[in-house]
Each structure stands twice: as C-alpha cells, then as structure tokens.
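>
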C-alpha cells in the first residue's frame, strides 16, 4: 500500500518508481517504523530481482556486429579506471587516509547501476541505439570486473585468499567474451521444444525461473557475479525461438523482485548516522555525482562523441551501482573497512541512486537544449555516436 501511494505521487511528477521503492524501504526499516529489522531479512530474495532484470536486459539487446561498439566500451572503462585511480589515491594520500579507504572509494566510483541506467534508456527509447549499446557494454564490463575486485578484497581481508578461485574467475571471464563473439558471428542451433511450453503458463514460469537462477548459480560457482550469468542466459534465450514466451511469463516477477531489491537499499539507511554526518554524506554524494559525470563526459568526448552525447553519458554513469553496495558490504564483513566507512558508503550510494534520475534528467535537458532524442542525433552527420 505504501509503495502504491508513493508511486502515484512520483508518477504525477514523472519520476522513476525506483525512488518510491527506496523511500518505502527506509520508512518500513529499523530506523523508522521498524517493521523490518534490517536488509538481511529480505536481501537473499531481493537479489532475484537483479537476476531477472539482467535476463530481460540480455533478451532485449543485440550483440553488435560493429567492432567499434565493442572497442569503445573497453577503452572507455579502461580510461575511467586509470583516471579514477589517479584522482582518488593521491587525494587519499594527502588526506592521510589508510590506503584501503582510498581503494574502497575507488571501487565505489567505477561501478554504476545497471538497473537505473537500463530503465532510463528504455524509457527514452534509446536502449537499442548505438549510444545505448555502448553504455550497456560498459556496464557489462563492470560486471566482469566484479569477481577480480572481490578477490582482491579477499586478499586484503581476514579471510583466506584462493588463487584458484581468482584464476577460475579470470578464465570464465575470457570464456564469456568467446561466447558473446560466437553469438555475434553465427546463429545458434534452434531447439525443437517450443511445443512443450505452448499454452502451459505454470510450466513456462518454472522453466523460466530455472533458466534465470540456474545460469546465475553457474556464474557464482565460476567466480563471477550471478547477474552476469543471468545476462548471458538472456542473450542466449533471445536468440532461441523456443523461449519467445519467457518475457511475458516472467515480467510480473521481474517488477516485484526488482522493487524488493531497491527496498533493501532503503532498509540499510541509518537515519541517526546520516544526521550526525549530514555534511560529509551530502557533500560526498554531490561530489561523487559531479566527478563521475565529468570523468565519463571527458572520456566519451575523447572517443569522438559530441559534447551533448558526452554530457548525457556522463550523467548516466554518475551514480554508484548495486555492485558497489555488494563490494562495500563484503569489505565490511571481511574487516577491510570499519563501520563508519561502511555506513557512509551505503548512505552515499543510496542518495546517489535517489538523486541520479533527477541528475540525469537535468543534464540531459542542458545537453539537448532543443527537443531531440539520441535516435535523431545519430542521424546527424555532426554527431559521432
């Protein structure tokens, strides 16, 4: 009921529903109504939302034949890593912070939210444009980076480090690239099983859940993120006629579980801590949005995009993503960071997600002063998308 009321208010102001989910999570959480004691109560179930989101995303996009659409994301993400590291670590040294503090800030800055960015691109009809494909490929690369980063956190923490686990993650990442290349270059063998699922909704739902969760589990066992496994499953399913029914069968579950994931972010917000560190968290959030936007905009401009597209890309890649929350949580559990840094990181992440759509909309309007979509700008010879 609470989420429904918040959605009705946000719809009137043309704001994304994600904001309603986070606010609802905070209001029913341990620091407000205390209906739920913490995110741990629903977090395992909520993670299914990310898996479902990624499988739908994989079904919707096409593997690009244009090599530049694969090369540009590699260059863009590589440049962002180098620039972010070169910015964060010297500042950390000058401020006298422990190097692990700087490392966690660096990790938070290089991850963006697939859920926020993909939904925004879809809403504006830009998901399948050349620009949208480049952005999504950058997010896919970030997913591939999660496993090595978690391995480094394990090495820095109190838990025993496994070189075998890290090596398996690296090998699996290479296999993912090989698989994507194979999908791009040739048609897959079509399975003659479409008649089995026809007109049987229950069978469709459970088969769809098995595919989604199964690929996610295989990716987790291989050392990668479950979200990446579901994304690969979505790409494969999108190429097979036998599974064309999957989208309509699982869509209601996707909406519910994605909402639940964002509710868990709201559950994590410690209002007392945020009040006592209001200036630090507020300034940190605004600084993060500005720095991430500037770095990404400069990188896209270096890749020969127009200034308008570059500013828009910077706005899209400004927030901290869901995997940043995961990395921060694991770092705290492994005793790599203390409780204060953990709570600050969670608060800044949640606020960046809350403000990101407003930030994106404002910068998009500034970049495209005249009414113009990315689809139109791609047809303009002066725009190098």
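Residue numbers (full-length UniProt numbering): 1 to 385.
Quick reminder that beta carbons are idealized off the backbone N, C-alpha and C, glycines included.
From a predicted model like this one, the values you see are computed outputs, not experimental measurements.
1. Here's the rule: buried if 16 or more other CB atoms are within 10 angstroms of the residue's CB, otherwise exposed. What is residue 338?
2. Rounded to the nearest angstrom, what separates residue 213 and residue 48 at their Cα positions?
3. For the putative contact between residue 76 and residue 138, defined by C-beta atoms under 8 Å, what is the C-beta separation to the nearest angstrom?
4. Suppose the cutoff is 8 Å on Cβ atoms and the five residues either side in sequence are ignored; what does the same chain contact list for residue 375 look like?
5. Short of 7 Å in beta carbon distance, which residues of its chain neighbour residue 260, apart from the five on each side in sequence? Order them along the chain.
6. When we look at the beta-carbon of residue 35 and count the other beta-carbons within 10 Å, is it buried (16 or more) or exposed?
7. Where do the N-terminal and C-terminal ends of the alpha helix (DSSP H) with residue 120 fall, by residue?
8. State the DSSP-derived secondary structure class of residue 128, mapped to helix, strand or coil.
9. Rounded to a whole number of angstroms, what is the C-alpha to C-alpha distance between residue 10 and residue 279?
10. Across the stretch 288-300 and the stretch 73-90, are there enough close Cβ pairs to call them in contact, namely three or more that are closer than 8 Å?
11. Leaving aside the five residues before and after residue 271 along the sequence, list all residues of the same chain whose C-beta is less than 8 Å from its C-beta, in chain order.
12. Taking DSSP as the reference, what is the three-state secondary structure of residue 245?
13. Taking the beta carbon of residue 4 as the centre, do at least 16 other beta carbons fall within 10 Å, making it buried, or is it exposed?
14. Would you kindly work out how many angstroms separate the C-alpha atoms of residue 104 and residue 336, rounded to a whole number?
15. What is the residue span of the alpha helix (DSSP H) that residue 97 lies within?
16. Starting from residue 271, trace the alpha helix (DSSP H) in both directions and tell me its first and last residue.
17. Contact check, residue 229 vs residue 216 under 8 Å by CB: the rounded distance?
18. Among 303, 142 and 208, which residue has its Cα nearest to the Cα of residue 320?
19. Report buried or exposed for residue 254, applying the criterion of at least 16 other Cβ atoms within 10 angstroms of its Cβ.
20. Express the C-alpha separation of residue 113 and residue 377 in angstroms, rounding to a whole number.
21. Taking only three categories from DSSP, how would you classify residue 240?
22. From which residue to which residue does the alpha helix (DSSP H) around residue 333 run?
23. Hey, would you say residue 361 sits closer than 8 Å to residue 324, going by beta carbons?
24. Give the straight-line distance between the Cα atoms of residue 17 and residue 7, rounded to the nearest whole angstrom.
25. Grouping DSSP H, G and I as helix and E and B as strand, with all else coil, what is residue 230?
26. Assuming residue 257 contacts residue 52 (C-beta within less than 8 Å), just tell me the rounded distance between them.
27. Which residues in the same chain have their Cβ closer than 8 Å to the Cβ of residue 101, if we skip the five residues on either side of it in sequence?
28. Give me the Cα-Cα distance between residue 95 and residue 106, rounded to the nearest whole angstrom.
29. Going by DSSP in three states, residue 13 sits in which element: helix, strand or coil?
30. Contact check, residue 345 vs residue 328 under 8 Å by CB: the rounded distance?
31. Among the residues of its own chain, which have a CB less than 7 Å from the CB of residue 379, if the five just before and after it don't count?
32. Between residue 135 and residue 29, what straight-line distance do the alpha-carbon atoms span, to the nearest angstrom?
33. In angstroms with no decimal places, state the Cα-to-Cα distance between residue 305 and residue 347.
Reading it off the structure:
1. To locate residue 338, count along the chain shown from 1; it is residue 338. Exposed, because fewer than 16 other Cβ atoms sit within 10 Å of the Cβ of residue 338.
2. Indexing the chain shown from 1 puts residue 213 at position 213. Indexing the chain shown from 1 puts residue 48 at position 48. Each residue's alpha carbon lies about 8 Å from the other.
3. In the chain shown, residue 76 corresponds to position 76, counting from 1. In the chain shown, residue 138 corresponds to position 138, counting from 1. Contact flag correct, Cβ pair sits at about 6 Å.
4. Walking along the chain shown from the start, residue 375 turns up at place 375. With a pLDDT of only 41 at residue 375, under the threshold of 50, the placement of this residue in the model should not be trusted; the figure read from the coordinates follows. Contacts found: 125, 126 and 129.
5. In the chain shown, the residue the question calls residue 260 occupies position 260. Within the same chain, residue 260 has close Cβ partners 42, 45, 46 and 49.
6. Locating residue 35 in the chain shown gives position 35, where the first residue counts as 1. It counts as exposed.
7. Residue 120 sits at position 120 when you count from the first residue of the chain shown. Where residue 120 is concerned, the enclosing alpha helix (DSSP H) starts and stops at 114-123.
8. Position 128 of the chain shown, counted from the first residue, corresponds to residue 128. The answer is coil: DSSP assigns residue 128 none of H, G, I, E or B.
9. The residue you call residue 10 lines up with position 10 of the chain shown. The residue you call residue 279 lines up with position 279 of the chain shown. C-alpha of residue 10 to C-alpha of residue 279: approximately 27 Å in a straight line.
10. Segments in contact, yes.
11. Indexing the chain shown from 1 puts residue 271 at position 271. Closer than 8 Å at the Cβ level, and outside the excluded window around residue 271, lie 26, 31 and 32.
12. Residue mapping note: residue 245 aligns to position 245 of the chain shown, counting from 1. In the structure shown, residue 245 falls within a coil segment according to DSSP collapsed to helix, strand and coil.
13. Locating residue 4 in the chain shown gives position 4, where the first residue counts as 1. By the neighbour-count rule (16 or more Cβ atoms within 10 Å), residue 4 is not buried but exposed.
14. Locating residue 104 in the chain shown gives position 104, counting from the first residue. Locating residue 336 in the chain shown gives position 336, counting from the first residue. Approximately 9 Å between the Cα atoms of the pair.
15. Working through the chain shown from its first residue, we reach residue 97 at position 97. Counting along the chain, residue 97 falls outside any alpha helix (DSSP H), and DSSP gives it neither H nor E.
16. Here residue 271 refers to the residue found at position 271 of the chain shown. Note, residue 271: alpha helix (DSSP H), 271-276.
17. The count along the chain shown starts at 1 and reaches residue 229 at position 229. The count along the chain shown starts at 1 and reaches residue 216 at position 216. Contact holds; Cβ gap of about 4 Å.
18. Translated into positions along the chain shown, residue 320 becomes position 320. If we check each option's Cα against that of residue 320, 142 comes out closest.
19. Within the chain shown, numbered from 1, the residue matching residue 254 stands at position 254. By the neighbour-count rule (16 or more Cβ atoms within 10 Å), residue 254 is buried.
20. As a position in the chain shown, residue 377 is number 377, starting the count at 1. As a position in the chain shown, residue 113 is number 113, starting the count at 1. The predicted model places residue 377 with a pLDDT of 48, which falls under 50 and marks its position as unreliable, so this point remains unresolved.
21. Residue 240 sits at position 240 when you count from the first residue of the chain shown. The three-state reading of DSSP puts residue 240 in coil, since its state is none of H, G, I, E or B.
22. Locating residue 333 in the chain shown gives position 333, where the first residue counts as 1. Counting along the chain, the alpha helix (DSSP H) containing residue 333 begins and ends at 322-333.
23. Taking the first residue of the chain shown as 1, we reach residue 361 at position 361. Taking the first residue of the chain shown as 1, we reach residue 324 at position 324. Result no, Cβ atoms of residue 361 and residue 324 do not sit closer than 8 Å.
24. The residue given as residue 17 occupies position 17 in the chain shown. The residue given as residue 7 occupies position 7 in the chain shown. Answer to the nearest angstrom: the Cα atoms are 6 Å apart.
25. Taking the chain shown and counting its residues from 1, the one referred to as residue 230 is at position 230. Looking at residue 230 - three-state DSSP - the assignment turns out to be helix.
26. On the chain shown, residue 257 is found 257 positions in, with the first residue counted as 1. On the chain shown, residue 52 is found 52 positions in, with the first residue counted as 1. Right, their Cβ atoms sit about 6 Å apart.
27. Taking the chain shown and counting its residues from 1, one reaches residue 101 at position 101. Excluding sequence neighbours, residue 101 sits near 92, 337 and 341.
28. Position 95 of the chain shown, counting from 1, holds the residue named residue 95. Position 106 of the chain shown, counting from 1, holds the residue named residue 106. When rounded, the distance between both Cα atoms is 15 Å.
29. Here residue 13 refers to the residue found at position 13 of the chain shown. Note: residue 13 maps to coil in three-state DSSP.
30. Numbered from 1 along the chain shown, position 345 holds the residue referred to as residue 345. Numbered from 1 along the chain shown, position 328 holds the residue referred to as residue 328. Residue 345 to residue 328, Cβ: 4 Å. Contact.
31. Within the chain shown, numbered from 1, the residue matching residue 379 stands at position 379. Only weak support is given to the placement of residue 379: the predicted model assigns it a pLDDT of 44, under 50, and the value that follows is read from those uncertain coordinates. Annotation for residue 379: no residue places its beta carbon closer than 7 Å to its own, counting only its chain and skipping 5 residues before and after.
32. If you number the chain shown from 1, residue 135 lands on position 135. If you number the chain shown from 1, residue 29 lands on position 29. Between residue 135 and residue 29, the C-alpha separation is close to 34 Å.
33. In the chain shown, residue 305 corresponds to position 305, counting from 1. In the chain shown, residue 347 corresponds to position 347, counting from 1. The straight-line gap from Cα to Cα measures roughly 33 Å.
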